[in-house]
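FYI, the numbering for the sequence shown is 4 to 323, going by our numbering.
In this text, a Cβ means the ideal position worked out from N, Cα and C, and glycines have one as well.
Shown next, in structure tokens, is the structure this report addresses.
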Amino acid sequence: MPRDQRRGASRAWVRRSIASPSSIVGVVALVGVVALAMTRHHSHAVARHAIQYEDSPMPDDADLEAFLVDGHARRMDRWKEFARIPSVSAQPEHADDCRRAAAWLADDLATAGLEHVAVEETGGHPIVYGDWLGADNAPTVIAYGHYDVQPADPVELWGTSPFEPVVHGNRMVGRGVEDNKSCVQMHVRAIEALLATRGRLPVNLKLVIEGEEESGSPNLDAWLIANRARLAADVAVISDTDFFEGNLPALCLGVRGFVGFEIDVRGPNRDLHSGAYGGAVQNPVNALCAIIAALKDSDGRIGVPGFYDDVAELDPRERA
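Listed below in structure tokens is the structure:
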């Protein structure tokens, strides 16, 4: 199916099924992940996998849609149950809640049909891992999410209890129901639906769900390095961004990083008469302005030497 037709079919299918977004959207998003994985898979296999994808039906077959519609209430209950756990990683008093969320999620992954499910220790809150590796000669996708949430402060500004999710129309309201428990549930429910109705996934899939994203992920790097061989994949999907066009699934190819620093510019230790010293003695404010202005050029590119040396350029297929 041509790209524009796939996009239109996905849009129509998702909007038709908006009553159960947490997994129906997930199945469509998973198809997009498959397409991205196919383009990133090693070159000698791309054509073969692309043909398999083109020949595969869109995930709107009657049995799959019936499974999703029939299971809507149960999925909503699971989503709410997950959101009720106050897994606030930044507050020590919620450490037990973070472990409870990890254990709950591991049970959910296993129930959905994932294998090798484990709650793995780090120097802080645990990481939940699960995979399904039964797609022979298909690419491997690793999907990331997090089960921890931001504090609900100030609680008095909430119209409802932050950890008792409620549904208003097509929206669920509660702390963490979007960031990031919705994305985690999207993956799990999509996997569950595909395994229940198809018996397999179109790609090999590895899930990594951490519990410290809202605290800067202090232990994630060490865990990734220690498990580097096990986490080998053709493409990584960071499931922690938004839709940019209503309910149309989107694949975000990257987000901006962050760096913070403090600059001290020292000048005279006392006030100087502008008539006597103006122009002869540099004003620290002017020097600071010049430093800040030099960080980016007129086109918005960062002017720090070597900044872009390790940044991979988008290839034509990714830009398309």
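Cα-Cα separation between residue i and residue j, rounded to whole angstroms
i      : j      : result
GLU118 : VAL131 : 12 Å
PRO271 : SER301 : 32 Å
GLY278 : GLY309 : 42 Å
ASN230 : VAL258 : 24 Å
ALA323 : ASP99  : 46 Å
PHE264 : TRP135 : 42 Å
SER92  : GLY172 : 30 Å
SER220 : CYS292 : 33 Å
PRO165 : SER218 : 19 Å
LEU251 : TRP107 : 29 Å
GLY249 : SER185 : 16 Å
ASP139 : GLN94  : 43 Å
ARG273 : GLY282 : 16 Å
PRO287 : VAL262 : 23 Å
ASP64  : ARG201 : 11 Å
VAL72  : ARG103 : 29 Å
GLN153 : HIS75  : 27 Å
GLY133 : MET175 : 27 Å
ALA296 : TYR280 : 25 Å
VAL238 : PRO319 : 17 Å
Close Cβ partners of residue i (< 8 Å) along its chain, the five nearest in sequence each way excluded
i      : result
LEU256 : LEU317, GLU321
LEU298 : ILE305, GLY306, VAL307
GLY137 : ARG203, LEU204, ASN207
GLU167 : ARG87, GLY177
GLN285 : GLY270
ASP234 : Before going further, note that residue 234 is Leu rather than Asp in the sequence given. If we look at LEU234 and ignore the five residues flanking it on each side, its Cβ neighbours are ILE145, LYS209, VAL211, LEU227.
Whole-angstrom C-beta distance between residue j and residue i, which should lie under 8 Å
i      : j      : result
ILE194 : GLY260 : The pair is not a contact, with the Cβ atoms about 30 Å apart (cut-off 8 Å).
GLY214 : ALA105 : 6 Å
ASP151 : SER90  : 5 Å
VAL187 : ILE145 : Actually they are not in contact, since the Cβ atoms of VAL187 and ILE145 sit about 14 Å apart, beyond 8 Å.
GLU216 : HIS149 : 4 Å
ASP111 : ARG81  : 7 Å
VAL169 : THR163 : 5 Å
PHE70  : ALA236 : Rounded, the Cβ-Cβ distance is 27 Å, inconsistent with contact.
VAL314 : ALA290 : Actually they are not in contact, since the Cβ atoms of VAL314 and ALA290 sit about 29 Å apart, beyond 8 Å.
ILE266 : ILE294 : 6 Å
LEU67  : ALA196 : 6 Å
Cβ-based neighbour list, residue i, same chain, cut-off 6 Å, excluding 5 preceding and 5 following
i      : result
GLY303 : none
PRO24  : Because the pLDDT of PRO24 is 40, which lies under 50, any placement of that residue in the model is unreliable, and the number read from its coordinates should be weighed accordingly. Closer than 6 Å at the Cβ level, and outside the excluded window around PRO24, lies no residue.
ALA253 : PHE246, PHE247
ALA50  : Per-residue confidence for ALA50 stands at a pLDDT of 36, beneath the threshold of 50, marking its modelled position as unreliable; the derived number appears in the next sentence. Taken in chain order, the list of residues that qualify is empty.
ALA109 : VAL120, VAL122, VAL131
THR346 : As displayed, the chain neither begins before 4 nor continues past 323, which places residue 346 out of reach and without an answer.
ALA155 : PRO165, ARG178
THR244 : CYS255
ALA22  : Low per-residue confidence applies at ALA22: pLDDT is 35, beneath 50, and the placement is therefore not dependable, though the value from the model is reported in the following sentence. Taken in chain order, the list of residues that qualify is empty.
Cβ neighbours of residue i in the same chain (closer than 7 Å, five flanking residues each side left out)
i      : result
CYS101 : SER90, SER92, HIS128, ASP151, GLY214
ASP312 : none
LEU275 : VAL284
Item to complete: Examine the Cβ distances between the segment 219–233 and the segment 159–167 and report whether three or more of them are shorter than 8 Å.
Response: no
Worksheet entry | Complete beta strand (DSSP E) runs within the segment 98–166 (minimum length 3 residues, chain order) | 118–123, 130–135, 143–149
Worksheet entry | the segment 85–95 touching the segment 174–187, judged by at least three CB pairs closer than 8 Å | yes
Worksheet item: Which runs of the beta strand (DSSP E), 3 residues or longer, sit entirely within the segment 216–301?
Response: 238–241
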